[in-house]
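Using the working numbering, read the sequence shown as starting at 928 and increasing by one per residue.
The structure appears right after this line, and notes come after that.
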Amino acid sequence: MDKEKIFLSLPHFFKNIAVSLLGNKNKRQRKKGNYNSYLNLFKDSASWPKNKLENYQKEELAKLLLEVFEFSQYYQKILINLKVSKEDIINAPFKVLNKMPFLEKETLKNDLELLVNTIPNRAKDLVNFTSGTTGTPTITYYDNDSIQKSFALLNRYYNLSGLKEGFKGLRLSGRIIVKPNKVKPPFWVFNSSENQLFVSTYHLNEINLKPIVEKINKFKPELIEGYPSAIYIISKYINANNIKLSFIPKCISTTAETLYDYQKEEIFRAFKTTALNQYSSSEGGVFITECKNGKLHLNLESGIFEFYNLKGENAKPGEMAELVSTSFRNSKTPLVRYKTGDWVKLPENLSEVCSCGMNSSFVEKIIGREDDILFTEEKGYVGRMDTAYKGLVGISKSQIIQESPNLIIVNQVIDEDYTKEMDVKFIKNLRDRLGTTVNIKINNVENIPLGANGKFNAVIRKFELPIE
Ligand SMILES: [Zn+2]
């Protein structure tokens, strides 16, 4: 039996112990070593002027490139072929970076052992599995120093969101913590080492939500984090049943899926706290975090951000762009010019400064994976369909599938507030965005299955995007 099966078959009490032991091990790994000095640095750098941050980036980039030049076979070969010297790296690291090729996901998967940084003081302290949408996992290694740096950066964000060390957290992610066919509570486990309650996102149905919400209300988390789809389902239940909560969380932070505006509204109604979006790829790429003004700040301390449009050119203000990241937070598996496959929308005005105190630039929206971008002949590329749900009621779950440039299928799970009128409204909203000629079909279904890793895919496109 594998570890997961053993864990799932444990009685609840022993599950709590197992999770707490693991939590204790994680805590020691994450918060020892350089954690505190990184945290202090990042708390300070949060308000640095942009040029100081850019100088920091220049130094970090030079350090990274020098390390991979010497200790990663994969990058060594590239840099030698480019006839780059150590002096070039020290004097003009950005110039060297611009000459280097992009790192594709396939290469990370296939050439991992060549890519890995073999410098003696960085051990393979953690093996991280990312289950991609295709189902084949990508492996990355982390050394302890990189783990501590990553957690310091994450905790800087929590800190800016009003949380203090040791806060109570509720986590709703795709982890399987109770047997999928379990019908009686508890649908959660508690990690006492880190004061963290994990609630299963695979059990959020009408019947189970009652005990789950009661448990949350008793636990009174200061942080609620996880998949927006899961937090949204809980919020909808709270609002529909007029449940008055006995706490207000200091921070709600969503990851892994796109956070839509209609979800934000529902979540705010339930918890009286605005959900913030946090982006980072689990391979160890760069960080984007939302501030209280709703701006999605690039965390320049996490690495170098590059943005390319669908034609592969440097993206212009207002365009949709793929994020290419050079990461400072995973030195064991160095990601230099890594094509994340994640898309954002750049703001119209790139030089706008936010009043929250962070001076870094921001993106306007995180679109998600490239699959989340739709295409019709009439309108071209269309990102983020969440605005099409404005004014609709009676839909508890919905998935937009674009089968071809000419055919959109919407699968939706409806509730008692639904009327046929909603379909008419919805189709109009979709037409406003996708054009008048595309065929749109709406199906009412019993349920919409979750995708890889328990994530909910709100949008799926089933054909390659044509490049105009
Ligand atoms: Zn801000």
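Idealized CB from N, CA, C, for every residue including glycine.
Cut-off 8 Å between Cβ atoms - residues of its own chain near residue i, not counting five sequence neighbours on either side
i	result
Ile1158	Leu1099, Ile1151, Ile1179, Thr1181, Gln1190, Ile1194 and Ala1202
Lys1306	Arg1360, Leu1361 and Gly1362
Leu980	Ser972, Leu1227, Glu1228, Asn1286 and Ser1287
Val1011	Phe996, Val1023 and Lys1026
Asn1366	Asn1333, Leu1334 and Ile1335
Val1340	Ile1322, Ser1323, Lys1324, Ser1325, Asn1371, Val1372, Glu1373, Asn1374 and Ile1375
Asn1220	Cys1281, Ser1282 and Cys1283
Ser1073	Arg1049, Gly1211, Arg1256, Asn1257, Ser1258 and Lys1259
Option nearest residue i by Cα separation, candidates the options
i	options	result
Gly1378	Ile1387, Asn1370 and Asn1371	Ile1387
Leu1035	Lys1222, Tyr1265, Ser1282 and Leu992	Tyr1265
Phe1289	Phe1232, Glu1014 and Lys1171	Phe1232
Ile1215	Phe996, Leu1081, Ala945 and Asn1044	Leu1081
Asn1333	Gly1381, Phe1302, Gly1321 and Ile1322	Phe1302
Cys1218	Tyr1206, Glu1348, Ile1367 and Gly1212	Tyr1206
Asp1299	Glu1184, Val946 and Tyr1085	Glu1184
Asn897	Gly1093, Lys1199 and Asn1132	Here the chain has residues from 928 to 1395 only, and residue 897 is not among them.
Pro1176	Leu1097, Arg957 and Gly1221	Leu1097
Val1110	Leu1131, Arg1296 and Val1116	Leu1131
Asn1236	Glu1210, Gly1310, Arg1196 and Ser1208	Gly1310
Thr1260	Thr1057, Gly1153, Asp1342 and Thr1045	Thr1045
Leu935	Ser1127, Lys1324 and Thr1057	Ser1127
Met1312	Ile1294, Asn1204 and Gly1101	Ile1294
Glu931	Pro1107, Gly1089 and Ile1007	Pro1107
Arg1296	Tyr1308, Lys958, Val1271 and Gln1003	Val1271
Residue range of the unbroken beta strand (DSSP E) whose run includes residue i
i	result
Glu1348	Careful: Glu1348 lies outside any beta strand (DSSP E), inside the alpha helix (DSSP H) at Lys1347 to Leu1361.
Asn1086	Where Asn1086 is concerned, there is no enclosing beta strand (DSSP E), although the alpha helix (DSSP H) it sits in stretches over Asn1071 to Leu1087.
Glu1152	Leu1150 to Gly1153
Leu1225	Leu1223 to Leu1225
Val1365	Val1365 -> no beta strand (DSSP E), and no H or E assigned at all.
Leu1124	Gln1123 to Val1126
Arg1098	Gly1096 to Leu1099
Ile1293	Lys1292 to Arg1296
Asp971	Not the beta strand (DSSP E): Asp971 falls in the alpha helix (DSSP H), residues Tyr962 to Ser972.
Lys1259	It is not in any beta strand (DSSP E) - Lys1259 carries neither H nor E in the DSSP assignment.
Val1337	Leu1334 to Ile1341
Asp1269	Tyr1265 to Lys1272
Glu1233	Gly1230 to Tyr1235
Gly1284	No beta strand (DSSP E) holds Gly1284; DSSP gives it neither H nor E.
Thr1303	Leu1301 to Thr1303
Spatial neighbours of residue i in its chain, beta-carbon cut-off 6 Å, leaving aside the 5 residues before and after
i	result
Ile1369	Val1337 and Asp1350
Gly1284	Ser974
Gly1230	Val1213, Ser1252, Thr1253, Ser1254 and Phe1255
Thr1061	For Thr1061, the pLDDT reaches just 47, beneath the cut-off of 50, and the residue's location in the model is therefore unreliable, leaving the point undetermined.
Leu1172	Asn1144
Lys977	Asn1286
Tyr1345	Gly1321
Ser1077	Arg1256
Leu1392	Phe1302
Asn1384	Gly1378
Asp1188	Asp1313
Val1116	Lys942, Asn943, Val946, Ile1104 and Phe1125
Leu951	Here residue 951 turns out to be Asn, not Leu, going by the sequence shown. Here the set comprises Ser1120.
Own chain residues within Cβ distance below 7 Å of residue i, not counting five before or after
i	result
Tyr1164	Leu1136 and Val1140
Ala1079	Tyr962, Tyr965, Leu966 and Phe969
Tyr1001	Asp1038, Leu1041 and Leu1042
Glu1330	Ile1336 and Lys1389
Ala989	Ile1016, Ile1017 and Pro1020
Pro1148	Lys1095, Gly1096, Leu1097, Leu1124 and Pro1176
Leu1357	Ala1315, Ile1335 and Ile1367
Leu1411	What is shown of the chain runs 928 to 1395, which leaves residue 1411 out entirely.
Glu1275	Pro1244 and Gly1245
Glu1031	Lys1266
Asn1071	Gln956, Gly960 and Asp1052
C-beta neighbour in chain C for residue i, strict 7 Å
i	result
Phe1021	Here chain C cannot be found, since the structure has a single protein chain.
Terminal residues of the alpha helix (DSSP H) in which residue i lies
i	result
Ala989	Lys977 to Phe998
Phe1021	Pro1020 to Lys1026
Tyr1189	Asp1188 to Phe1198
Leu935	Lys930 to Ser936
Arg1457	Residue 1457 is absent from the model: the chain starts at 928 and stops at 1395.
Ser947	His939 to Lys958
Ile1139	Glu1133 to Phe1146
Lys1032	Lys1032 to Asn1037
Closer than 6 Å to ligand 1: residues, by C-beta to nearest heavy atom, in chain order: In chain order, the residues that have a beta carbon nearer than 6 Å to some heavy atom of ligand 1 are Cys1218, Asn1220, Lys1222, His1224, Cys1281, Cys1283 and Met1285.
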